[in-house]
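A short write-up of the structure that comes next.
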Amino acid sequence: MIPGVDFLVPAVYFAAAVMFIYGLKGMSSPVTARSGMIWAGVAMLLAVLVTFIHPKVEGNYLLMVIALVSASALAWWWAKVVAMTDMPQMIALYNGMGGGSAAAIAAVELLKLHSGQVQMVPTTLLVASFGAIIGSIAFSGSLIAYAKLQGWMRKSWRFPGQQLFNLLVFAATIGLGVWIFIDGPTPMLLLLFFSLALLAGVLLTVPIGGADMPVVISLYNALTGLAVGFKGYVLEIPALMIAGIVVGAAGTLLTQLMAKAMNRSLTNVLFAGFGKADEDATGSAASGEMRAIDATDAAIQMAYAEKVIIVPGYGLAVAQAQHKIWELTELLTSRGVKVTFAIHPVAGRMPGHMNVLLAEAGVPYDLIYDLEDINAQFPTTDVALVIGANDVVNPAARKDTTSPIYGMPILDVDRARNCIVVKRGQGTGFSGIENLLFFEDNTRMLYGDAQKVAQALISGIKALG
Amino acid sequence: MEGWIALYIFMLAAFTGIEVIRRVPAILHTPLMSGSNFIHGIVVVGGMVVLGMADTTAEIIVGFIAVFLGAGNAVGGYVVTERMLEMFKSSGTKPEKKD
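Written out as structure tokens, the structure reads:
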């Protein structure tokens, strides 16, 4: 007997849900991550294909195919051509699309409810409206996050009474949701409802600074997951419920991990803004002086070291120096120097971003260590080479209670025997906080563009024969 | 669907999500965020269902948008994640030169 559609569709959705969870599980280790992704990809493909014979689907097949093919082609092409450094905003963009999709689904459902074609029990209507709000916020918020990371919107837009205003907009959105809940949706009411929800997403995101964007993107990722889960409930597709809520929960945890790595609470990220705190405090002024070193001396120091730890920061990625750094690493390794990489959880633009950038240059992931794994190694390290990182190696986080970053976990490069800091100039850098590391006795400053410096170090070591 | 059953599904899925992620090394945070971003692209299925049910012009337009955005989420999320993951190699396997 050939199984009927009523069996086949839910069966494939069930299999897809299992494969999604299995795939996500696979992504918790670098060894199985790729196969995990393939599982999830196959699950997605099967789920989409079987939806064509879903009992509720009665028409518009051509439009469906057009939407699927055009969006896929566009998203595929765009995701292929962007540079690796721009990945975070691409995640924001595609996440926003998911949130927008969830909101659009809610809109259709509510329109159908208005025209009397579908009936909803109060719970379903509530879940549908709530999903609509979350999806809309994730959509417009993610697009703002995209614009900010892309550099289209540099200013953090703030005005007096902003939080009160945001609260009012949010309350009005909820109020309209309640109105829809009680009186039933009309097209005008829905238009207003979605406009306000979209506005809330914009207002929530515009005051947040670029450095905090990763946490915000992660939060919107979790929100989209929730919205998708709620849509699954409304449409009675458990696979959507499971996939959505799994992502919602995982995303929430990931958001917290990220916020913790930046020594911030989530409320602080959303409602305070780092930039504002900095205007009030930059920590105590450092005493002593910065001592410079030239590339030749630095090269000698590294070439005759036993153990070198390289601490890369976003400055490295901006200078596109990761390939040169890997060349330097290979050169040192061939001389018998043990070289490893230490990565702070918030190096790069989001946690793990630096790892991706190093991986792009060919650095094997087993040479790359997390903060907890490597900090004990610094006291026995001959040279710690800091490139383009600043706050994450600032000992003020341990020593200076007045510093805004006090308490943030840092890489203890100041405990290495020698510390070489590659930096473009003498300024305090991105956050404006004085870095005590630069004034330590064992620290030498190597001024210049990261890529040129790396090249100079390579030449210097090669000259030693 | 019965409300309580749905609540149980939500609860179990939430625990699953947390457990699956809990012990992830920081190295995978970005790929993982991207991967979970891909997984909620399953919303495209919901989009297809509502577009398949749509009758009026307004419903069809909004349904079309739902499918379009959902498909973009799924495909874009997949490609971005895949591009990141293909770069992770251990020192055991010789890194192949790509051009």
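Chains as they are written, first to last, in this note's numbering: chain A, 17 to 481; chain B, 27 to 125.
No residue lacks a Cβ here, since even glycine has one placed at the ideal position from N, Cα and C.
The beta carbon of residue 239 of chain A is closer than 6 Å to those of 150, 154 in its chain, skipping five residues each way along the sequence.
By the neighbour-count criterion, in which 16 or more other beta carbons inside 10 Å mark a residue as buried, residue 117 of chain A falls on the buried side.
Interface residue (Cβ-Cβ distance to chain B less than 9 Å): residue 218 of chain A is not classified as such.
Under a criterion of Cβ atoms nearer than 7 Å, the residues of chain A adjacent to residue 104 of chain B are, in order, 57. Taking a contact to require three or more Cβ pairs closer than 8 Å, the stretch 409 to 428 of chain A and the stretch 370 to 380 of chain A do not qualify as touching. Not one beta carbon of chain B lies nearer than 9 Å to the beta carbon of residue 278 of chain A. The continuous alpha helix (DSSP H) containing residue 199 of chain A extends over residues 178 to 199.
In this structure, residue 72 of chain B and residue 139 of chain A do not form a Cβ contact; the two beta carbons are roughly 18 Å apart against a cut-off of 8 Å. When DSSP assignments are scanned along the stretch 223 to 265 of chain A, the uninterrupted stretches of alpha helix (DSSP H) that are 4 or more residues long and fall wholly within it turn out to be 229 to 251. A Cβ-Cβ contact shorter than 9 Å links residue 256 of chain A with residue 68 of chain B.
Not one beta carbon of chain B lies nearer than 9 Å to the beta carbon of residue 228 of chain A. Among the residues of chain A, none has a CB under 8 Å from the CB of residue 83 of chain B; the nearest is roughly 11 Å distant.
The Cβ-Cβ distance between residue 390 of chain A and residue 427 of chain A falls below 9 Å. In the structure shown, residue 134 of chain A falls within a coil segment according to DSSP collapsed to helix, strand and coil. Considering only A/410, A/413, A/314, the residue with the shortest C-alpha distance to residue 472 of chain A is A/314.
Excluding the 5 residues flanking it on each side, residue 266 of chain A has same chain C-beta neighbours closer than 8 Å at 40, 238, 241, in chain order. Segment contact: the stretch 189 to 201 of chain A against the stretch 126 to 146 of chain A, three or more CB-CB distances shorter than 8 Å; contact assigned. Unbroken alpha helix (DSSP H) stretches of 4 residues or longer found wholly inside the stretch 308 to 391 of chain A: 311 to 319, 330 to 334, 338 to 350, 369 to 376, 387 to 390, given in chain order. Neighbours of residue 50 of chain A in chain B, taken as residues at a C-beta separation under 9 Å, are given in chain order as 108, 111, 112, 114.
DSSP, reduced to helix, strand and coil, places residue 461 of chain A within a strand of the structure shown. DSSP places residue 434 of chain A inside the beta strand (DSSP E), whose first and last residues are 434 to 439. Looking at the DSSP output, residue 400 of chain A shares a beta bridge with A/325, A/435. Non-local C-beta neighbours of residue 21 of chain A in its own chain, meaning closer than 7 Å and more than five positions away in sequence, comprise 69, 71, ordered along the chain.
Here residue 114 of chain B has no same chain residue with a Cβ atom under 7 Å from its own Cβ, once five neighbours each way along the sequence are excluded. Contact between the stretch 337 to 355 of chain A and the stretch 37 to 47 of chain B is absent: fewer than 3 CB-CB pairs across the two stretches fall below 8 Å. DSSP places residue 99 of chain A in the coil class of the three-state scheme, outside both helix and strand. The way I'd put it, the stretch 47 to 67 of chain B doesn't touch the stretch 81 to 100 of chain A; fewer than three beta-carbon pairs between them come closer than 8 Å.
Residue nearest to residue 259 of chain A within the set A/309, A/45, A/37 is A/37 (criterion: CA-CA distance). By the 16-neighbour rule on beta-carbons within 10 angstroms, residue 394 of chain A is buried.
If you draw a straight line from the Cα of residue 120 of chain A to the Cα of residue 100 of chain A, it is about 30 Å long. In the same chain as residue 368 of chain A, and ignoring 5 residues on each side of it, no C-beta atom comes closer than 7 Å to its own. Less than 9 Å divides the Cβ of residue 124 of chain A from the Cβ of residue 92 of chain B. When 7 Å is used as the limit between beta carbons, residue 116 of chain A is near these residues of chain B: 95, in chain order. When C-alpha distances from residue 111 of chain A are compared across B/96, B/108, B/111, B/109, the shortest belongs to B/96.
Within chain B, not a single residue places a beta-carbon under 8 Å from that of residue 398 of chain A; the smallest gap is close to 21 Å.
The beta carbon of residue 133 of chain A sits closer than 9 Å to some beta carbon of chain B.
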